[in-house]
Amino acid sequence: MELNQEQSAMLAGEHGLAKQMAMRLLLDMAAAAGVSELIPIRSAHLSGVSPLTGGFGLRHFLANLVEDPLAKVAVPTTLNAAGCDAAQFELMRIKVPGFLDHSQEIVALYEQLGVQPTQSCIPYEWEGVVTSGTAAWSESNAICFGNSYSGLQTNRESGLSALACALTGYTPRYGLLEEDARRPNLEVIVTCKLDDPTDFSLLGDWIGKQRQPDWRMSFGPIPLIRGLPNELSHEQRKALTAAAANYGSPMVYLEGLSDIPEPLLLQATLRFSEEDLRRRYEELRPQSPVSLITIGCPQASVGEIRAVAELLKGKQVTADPDDESGLPPLWIFTSSANKRIAEQIGLAQIITQSGALLLENTCPEVVPYDRVWVKHILTNSMKAEHYLKSGLNKIPTSVMRLSECISIATG
């Protein structure tokens with residue numbers, strides 16, 4: 017591989033040990049992909065923040081990196097959701113010893129590297145974040161959203177590879193950074209009406225579940241979806257791509273809403289019907305008492321917060337599993353930026369005055385729940401369902417539309 021002067025200097029250690037390590041990793045990635053070019057990136061987004069996912073190894077690794085005074089990111093870099101809301105830690109009833117200190121230290125170490133401590137899985141909703149052009153993003157929902165809707169060009173990076181790209185300002189040119197790899201490879205025809213964002217979440221997840229062994233999709237399913245309305249809300253589009261990413265989809269195309277590259281290289285055609293939608297909702301309904309209701313995976317937009325507030329007006333719920341009402345606690349997860357907006361326009365007050373817990377900086381899937389009382393979670397998100405059931409928590413999880421979730425919360 018032919019390196020430019022800056023890249024050669026980093027590889028030689030002239031820009032510090034951290035950037036030298038990062039450059040070595042990028043060269044290994046390039047070799048594995050069979051490519052010989054590194055290209056500049058405009059932004060990076062890093063996953064691997066919660067102690068639940070990173071463990072003590074992450075903290076140790078970051079602590080070693082920051083010992084290098086030259087260890088600073090080279091491009092604007094945002095940080096994924098942490099494992100708790102530090103300001104409301106006690107209300108989350110996390111029992112893992114030292115978890116709060118561990119979590120805060122990880123965030124502080126990233127900050128020392130020059131990372132913006134957004135603690136958010138929705139960088140595309142933050143003012144000032146670069147969401148177009150060549151990038152190195154981890155966090156599956158953000159990748160799929162950015163590639164699909166905002167002109168982003170990123171591979172599905174790991175937290176480590178995204179950090180290496182952020183430190184150097186470069187990424188190997190391969191995969192979804194090449195136009196040919198971004199062509200749709202699957203046709204999905206929707207024959208039923210979808211309205212609620214959870215309907216779109218079910219569709220995205222359903223597409224991934226149809227994957228067949230004989231499909232040749234090196235970078236995951238890239239569906240061309242036909243039959244959706246000509247106008248979709250931010251919340252509908254977000255729910256679709258977040259769930260589609262569950263099974264490796266890096267982007268989607270929507271007929272009538274996306275610029276679709278030609279020629280099409282479609283390997284199969286799927287049809288999503290009213291019966292498919294009905295069956296999935298039936299399969300996902302709670303079959304046992306619900307112990308916790310979580311909304312906001314990905315973290316809730318201002319529109320989602322508004323929808324929750326409208327449903328909670330004049331009603332009472334609880335955030336406490338020991339509440340004498342016996343109702344399941346209702347926790348709403350959002351970003352600090354969206355929470356500030358919600359506070360400014362009075363939505364946050366409606367939610368908190370109802371008794372619900374409005375959390376920031378964290379996400380339902382990376383919280384180490386107290387399994388003494390969290391035995392069954394209800395959510396409106398197939399992303400949450402996928403990771404809560406199959407991830408580190410392995411908690412039985414059900415899915416209903418937002419209005420139904422709030423109905424159960426209010427009794």
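Just add 16 to wherever you are in the sequence shown, counting from 1, and you've got the working numbering. Cβ coordinates follow ideal geometry from the N, Cα and C atoms, glycine included. Source: prediction; values computed, not measured.
- For Thr285, the enclosing beta strand (DSSP E) covers residues 285-288.
- The C-alpha of Trp222 is placed about 14 Å away from the C-alpha of Val268.
- Under the criterion of beta carbons closer than 8 Å, Ile57 and Cys181 qualify as touching, at roughly 6 Å.
- Under the DSSP assignment, Phe77 falls in the alpha helix (DSSP H) whose first and last residues are 67-81.
- In the structure shown, Thr170 falls within a coil segment according to DSSP collapsed to helix, strand and coil.
- The residue among Leu244, Thr285, Lys355, Pro412 with its C-alpha nearest the C-alpha of Val204 is Thr285.
- Apart from sequence neighbours up to five positions away, the residues of its chain that approach Pro384 with a beta-carbon distance below 7 Å are Leu68, Gly99, Ile110, Val112, Phe115, ordered along the chain.
- When the Cα atoms are used, Ala261 and Ser156 turn out to be separated by approximately 6 Å.
- In the three-state reduction of the DSSP assignment, Glu194 falls in the coil class, being assigned neither a helical nor a strand state.
- Cα atoms of Gly64 and Leu293: separation of roughly 33 Å, rounded to the nearest angstrom.
- Between the stretch 197-215 and the stretch 235-249, the count of C-beta pairs closer than 8 Å reaches three or more; the two stretches touch.
- The DSSP-derived three-state label of Pro380 is helix.
- Sequence-distant Cβ neighbours of Pro139 in its own chain, meaning closer than 6 Å and more than five residues away, are His61, Thr94, Val145, Ala158.
- Taken through DSSP and simplified to helix, strand or coil, Tyr269 comes out as strand.
- When DSSP states are grouped into helix, strand and coil, Pro237 belongs to the coil group.
- Between Ile321 and Ala358 a beta carbon distance of about 5 Å is seen, short of the 8 Å cut, so the two are scored as contacting.
- Annotated as distal: Gln252 and Cys137, with beta-carbon spacing of 7 Å or more.
- Gln132 carries a strand assignment under DSSP once its states are collapsed to helix, strand and coil.
- In terms of Cβ geometry, Val318 and Gly371 do not form a close pair [threshold 7 Å].
- The closest CA to that of Gly243, considering only Glu420, Thr207, Glu195, is found on Thr207.
- Bounds of the alpha helix (DSSP H) holding Ala260 are 250-260.
- Looking from the CA of Pro380, the closest CA among Tyr263, Ser274, Asn409, Ala323 belongs to Asn409.
- Contact between Ala152 and Thr170 holds, since their C-beta atoms are separated by about 6 Å, short of 8 Å.
- For Thr150, the uninterrupted beta strand (DSSP E) segment begins and ends at 149-153.
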